[in-house]
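Chemist:
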Amino acid sequence: MDATKKSDETTIPIRESKSGKSNYAPTIVATTKATDEAKGGWRRGVAIFDFILRLCAIAAALAATTTMGTTEQTLPFFTQFFQFQASYDDLPTFSFFVIANAIASGYLVLSLPFSIVGIVRPHVVGVRLLLLICDIVMVALTTAAASAATAIVYLAHNGNTNTNWPAICQQFNDFCQSVSGAVVASLIAAAIFMFLVLLSAIALKRN
């Protein structure tokens, strides 16, 4: 019981003047419990916001994965020997995009229990540090996939006359709209990952 009081309370002795008759020295007790509770409430609020952001990132990453992975278009006109079709797996960049966002989606789902631990036990530093490291890796992965896919989408919309790359979106309009939406969703997921990294860094610094 004494050890607990020493950790939570600070005793400040005050000497009595010489003119006083009593030898009793009053004390003022300054407690730190209120400060600890305030810090714990702030950390719990950050952990709750972290959990909400992860749910939003799951939605964005899954939307990017499913949209790109199910994108294909076949033109209505074809001949006996040729059929004009566009699919995401025709380009290795789009295949990498699907794999990267699928990995990010799986990681986000697995990170939810750790985020809940941060809500229940806001003083635990190890969980926050683990999520920070993994989030940094996911930032690099999703940013690389989204950036590479953005370059291909740009060429599909505008083409490049120097390299004889035609603007295929003039024919495959539905295909281009789907892959463009997937890229936007992936960029949103990458932005959320960046914010999660910033949030975790601030929380660890305040510890």
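Residue numbers (our numbering): 98 to 304. We put the beta carbon where it would ideally sit given N, CA and C, even for glycine.
Could you tell me which of Asn259, Gln274 and Leu226 sits nearest to Leu295, measuring between CA atoms?
Modeler: Your numbering for residue 295 matches position 198 in the sequence shown. For Leu295, the nearest C-alpha among the options comes from Leu226.
Chemist: Strictly under 8 Å for the Cβ-Cβ distance: is Ser202 near chain E by that measure?
Modeler: Structure shown: chain E not included; a single protein chain is present.
Chemist: Return yes when the Cβ of Ala157 is within less than 8 Å of the Cβ of Ile285, no when it is not.
Modeler: Stepping through the sequence shown from its first residue, residue 285 is reached at position 188. Stepping through the sequence shown from its first residue, residue 157 is reached at position 60. Against a cut-off of 8 Å, the Cβ pair of Ala157 and Ile285 comes out as a contact.
Chemist: Taking all protein chains shown into account, decide if Asp232 is buried (16 or more other Cβ within 10 angstroms of its Cβ) or exposed.
Modeler: Within the sequence shown, the letter at position 135 stands for residue 232. Buried.
Chemist: Where does the unbroken alpha helix (DSSP H) through Asn255 begin, and where does it stop?
Modeler: For the purposes of this step, residue 255 is taken as residue 158 along the sequence shown, with counting starting at 1. First-last of the alpha helix (DSSP H) with Asn255: Val222 to Asn255.
Chemist: Give me the residue from Leu159, His220 and Gly256 with the minimum Cα distance to Ile196.
Modeler: The sequence position of residue 196 within the sequence shown is 99, counting from 1. Minimum Cα distance to Ile196 is reached at Leu159.
Chemist: What's the C-alpha gap between Asn198 and Asp147?
Modeler: Start at 1 with the first residue of the sequence shown, and residue 198 comes out as number 101. Start at 1 with the first residue of the sequence shown, and residue 147 comes out as number 50. Rounded to whole angstroms, Asn198 to Asp147 spans 19 Å at the Cα level.
Chemist: For the alpha helix (DSSP H) that contains Leu207, what are its first and last residues?
Modeler: For the purposes of this step, residue 207 is taken as residue 110 along the sequence shown, with counting starting at 1. Unbroken alpha helix (DSSP H) run through Leu207: Pro189 to Val217.
Chemist: Count the other CB atoms, across all protein chains shown, that sit within 10 Å of the CB of Ser283; report buried if there are 16 or more and exposed otherwise.
Modeler: Residue numbering aside, residue 283 sits at position 186 when the sequence shown is read from its first letter. So Ser283 counts as buried.
Chemist: Using alpha carbons as the reference points, say which of Lys302, Ser192 and Ser297 lies closest to Val224.
Modeler: For the purposes of this step, residue 224 is taken as the residue at position 127 of the sequence shown. Checking every option, the nearest Cα to that of Val224 belongs to Ser297.
Chemist: Measuring straight from C-alpha to C-alpha, what distance separates Leu209 and Leu301?
Modeler: For the purposes of this step, residue 209 is taken as the residue at position 112 of the sequence shown. For the purposes of this step, residue 301 is taken as the residue at position 204 of the sequence shown. Approximately 19 Å, taken between the alpha carbons.
Chemist: Do you know how far the Cα of Gln267 is from the Cα of Leu252?
Modeler: Indexing the sequence shown from 1 puts residue 252 at position 155. Indexing the sequence shown from 1 puts residue 267 at position 170. Rounded to whole angstroms, Leu252 to Gln267 spans 12 Å at the Cα level.
Chemist: Alpha carbon to alpha carbon, how far is Ala183 from Phe191?
Modeler: On the sequence shown, position 86 is the one that residue 183 refers to. On the sequence shown, position 94 is the one that residue 191 refers to. Approximately 12 Å between the Cα atoms of the pair.
Chemist: Going along the chain, which residues of its own chain have a beta-carbon closer than 7 Å to the beta-carbon of Cys153, five neighbours each way excluded?
Modeler: Sequence index remark: in the sequence shown, residue 153 carries index 56 (1-based). Ile289.
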